[in-house]
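Read the structure below first, then the notes.
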Amino acid sequence: MTWYPPYPLFLVQCEGTRVRDADGHWYEDMIANYGALAHGHNHPALVAAVTGQMTRGTAPGGPVPLQYEHAERLRALNPSLERLRYCNSGTEATMWAVRTARAYTGRDLVVKIDGGYHGTHDWGQVNAFFAPQRTAPARLAGLPEIRPAAGVALSTAGDIVAIPYNDLPAAATVLRGLGEQIAAVVVEPVLGVGGGVPSAPGYLAGLRRLTREAGALLVFDECATLRLGPWQVKHGVIPDLTTHSKIVGGGLPLGVFGGREDVMALFDPSRPHPVHHAGAFGGNSLSLAAGSAALDHFGTDEIAHLDFLGDRLRAGLDAAAASVGVAGRSVGEGGLSYFHFGSTPPRDAADTARLRAGRAELRSLLHLSLLNAGFLTAPHGLLCQHVPTAPESVDALVDAY
Ligand code: PLP
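As structure tokens, then:
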């Protein structure tokens, strides 16, 4: 992800919204660690929280009140987290959400979005943009074939059904045809790595209805979308389980999974045969302290500012492309955007893959030109701002494009 030709930058210093490479060049940071940061680098409140916590202990190996303090702040953004548990990353959070759903339903099949990215565990590396060495046929005709990434056992494919994003009829076919075998449907409210594609109106509400009918759990992977604010509250679709990571750790590793109290009760250690959840550093004090400080500075004003920056950026990029007669469109929501070459925005990951393949050389040259102009962006077109990013920086990025 972070490698690109002719050579990737090595970043040696970060200050606010800027980063410096090993050759001494400063860049305005328009990646924000692939959306994982919200407050720029070295935010004074986060530095104070982390250095203060260092003196009190990093991971004592027992429950810490910091978990409750962080959870209360997070629940203000996502009230559907009736109960939640901490781990170290988005990868762990989505792995655990699926394990929870399997334990709750006693079923094994997982429905995921074709091109949806959920981390580096085995099922997450199936149909997630990585070149497959082997493929397996889909369980139902007309669905995408199953493509485990290199190194993932082909047998993993047997537990996965992939459906195209924003295609409710395909979801209905799967949930009505295989419903009794399905433990969970896992979906991102905005398809992130798959191209910044917003969910179509009614799509997630449709998945909510279909999963309920099938007795399967609906899991929202909101690892990347918490930077958009309280998505579930705003859109009124409430899943059974949610995963969060990235900005919840204030720049340090932290993952969260949780949701319905009756489902999360599976982990209650006082009941017979609880689901066993362990991890030496899950919910460690340092990440929680940083994360709580970050969430203290992620309220209505900060979210509105990211929305404002994102809207300004997307409108600017679309106008810039039109003004020079280039077929290019920006997509995304809030402070999470992508720029694609092509005249129509992608509706699913297959569209994104086609757009990326079509102008691969131009995309690479654009990325390198932006570096020369002093902007750090992602080679595949992702653009994320920090809360302290100034509107003038966004305007300057649009000019550079
Ligand atoms: N889920 C989503 C939607 C993500 O965007 C990511 C990371 O990009 C992950 C899960 C995995 O998170 P992590 O890199 O912390 O393992």
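Sequential numbering from 1 applies to the sequence shown in UniProt numbering. Using N, Cα and C, we set each Cβ at its ideal position, and we do this for glycine too.
Should residue i be counted as a contact of the ligand PLP given a C-beta to heavy atom distance under 6 Å?
i	result
Ala131	no
Gly249	no
Glu333	no
Thr352	no
Asp90	Sequence check: residue 90 is Gly here, not Asp. Yes, the ligand PLP has a heavy atom inside 6 Å of this Cβ.
His244	no
residue 402	There is simply no residue 402 to check, as the chain begins at 1 and stops at 401 in what is shown.
His121	no
Gly115	no
Ala290	no
Gly279	no
His380	no
Cys14	no
Gly194	no
Ala224	yes
Asp221	yes
Glu302	no
Glu361	no
Glu392	no
Glu188	yes
Sort the options by Cα distance to residue i and report the nearest one.
i	options	result
Gly381	Ala36, Leu168, Glu69 and Val193	Val193
Leu306	Ala280, Ser337 and Val324	Ser337
Phe308	Thr211, Ser364, Asn42 and Gly335	Gly335
Ala378	Glu28, Ala278 and Pro79	Glu28
Gly325	Pro391, Leu66 and Phe341	Phe341
Pro189	Glu180, Pro44 and Ala200	Ala200
Arg176	Asp240, Arg212 and Gly195	Arg212
Gln133	Arg139, Leu313 and Ala153	Ala153
Gly115	Glu180, Asp268 and Val187	Val187
Phe130	Ala171, His118 and Leu11	His118
Asp108	Phe257, Pro60 and Leu178	Leu178
His297	Pro5, Arg260, His43 and Leu207	His43
His244	Met1, Gly90 and Ala400	Gly90
Arg314	Pro391, Thr242, Pro5 and Pro239	Pro391
Gly310	Asp262, Ser393 and Ala322	Ser393
Gly52	Trp231, Ser292 and Arg312	Ser292
Leu207	Ser323, Leu371 and Tyr165	Tyr165
Gly255	Ile113, Leu74, Asp268 and Arg312	Leu74
Gly202	Glu222, Asp221 and Ile238	Ile238
Gly24	Leu11, Glu92 and Tyr34	Leu11
Phe257	Leu204, Thr120 and Arg85	Arg85
Ala38	Ala205, Ala294, Asp395 and Val263	Ala294
Which residues share a DSSP beta bridge with residue i?
i	result
Cys384	Leu336
His41	Gly16
Pro269	None, per the DSSP bridge assignment.
Glu28	Arg18 and Phe375
His367	Note: His367 sits in no beta bridge, so no partner.
Thr243	Asp221 and Phe257
Ser330	Phe339
Val263	In the DSSP output, where bridge partners are listed per residue, Val263 has none listed.
Leu46	Note: Leu46 sits in no beta bridge, so no partner.
Ala184	Val110 and Leu217
Arg85	Phe257
residue 411	In the structure displayed, the chain extends from 1 to 401; residue 411 sits before or after that span and is not available.
With a threshold of 6 Å on Cβ separation, who are the neighbours of residue i within its own chain once the five nearest residues in sequence on each side are excluded?
i	result
Gly316	Val398
Leu228	Glu333 and Gly334
Pro198	Val190 and Glu333
Pro345	Arg329 and Val331
Gly195	Tyr338, Pro346 and Thr352
Ala321	Gly328
Ala280	none
Please go through the same chain and pick out, in chain order, the residues whose beta-carbon is closer than 7 Å to the beta-carbon of residue i, but skip the five residues on each side of it.
i	result
Ala290	Leu46, Ala49, Val50, Gly249, Gly250, Gly251 and Leu252
Leu266	Thr100, Ala103, Tyr104, Pro274 and Val275
Ile31	Leu376, Thr377, Ala378, Leu382 and Cys384
Ala36	Lys246 and Ile247
residue 411	With the chain represented from 1 up to 401, any question about residue 411 goes unanswered, as that position is not in the structure.
Asp318	Arg329 and Ser330
Trp231	Pro189, Glu222 and Thr225
residue 402	No information on residue 402 is available, as it lies outside the stretch 1 to 401 that the chain covers here.
For residue i, which residues of its own chain have a beta-carbon under 8 Å away from its beta-carbon, when the five flanking residues on both sides are left out?
i	result
Val64	Gly283, Ser285 and Leu288
Ala138	Pro144, Glu145, Ile146, Val161 and Ala162
Trp26	Arg18, Val19, Arg20 and Gly374
Pro5	Ser364
If we define contact as Cβ-Cβ less than 7 Å, is residue i a contact residue for chain C?
i	result
Ala214	The chain labelled as chain C is not found in the depicted structure, where only one protein chain is given.
Please tell me whether, using a cut-off of 6 Å, the distance from the CB of residue i to the nearest non-hydrogen atom of the ligand ADP is below it.
i	result
His118	Ligands displayed in this structure: the ligand PLP; the ligand ADP is not among them.
| Are the region 212 to 224 and the region 83 to 102 touching by the rule of at least three beta carbon pairs closer than 8 Å? | yes
| said: Does the contact criterion of 3 or more C-beta pairs under 8 Å hold for the region 1 to 18 versus the region 382 to 401? | reply: yes
| field | Validate contact between the region 285 to 305 and the region 337 to 356 using beta carbons, cut 8 Å, 3 pairs | value | no
| said: I'd like to know if the region 65 to 82 and the region 156 to 166 are in contact, where contact means that at least 3 CB-CB pairs between them fall below 8 Å. | reply: no
| Just checking, does the region 140 to 156 make contact with the region 119 to 126 on the three C-beta pairs under 8 Å criterion? | A contact exists between the region 140 to 156 and the region 119 to 126.
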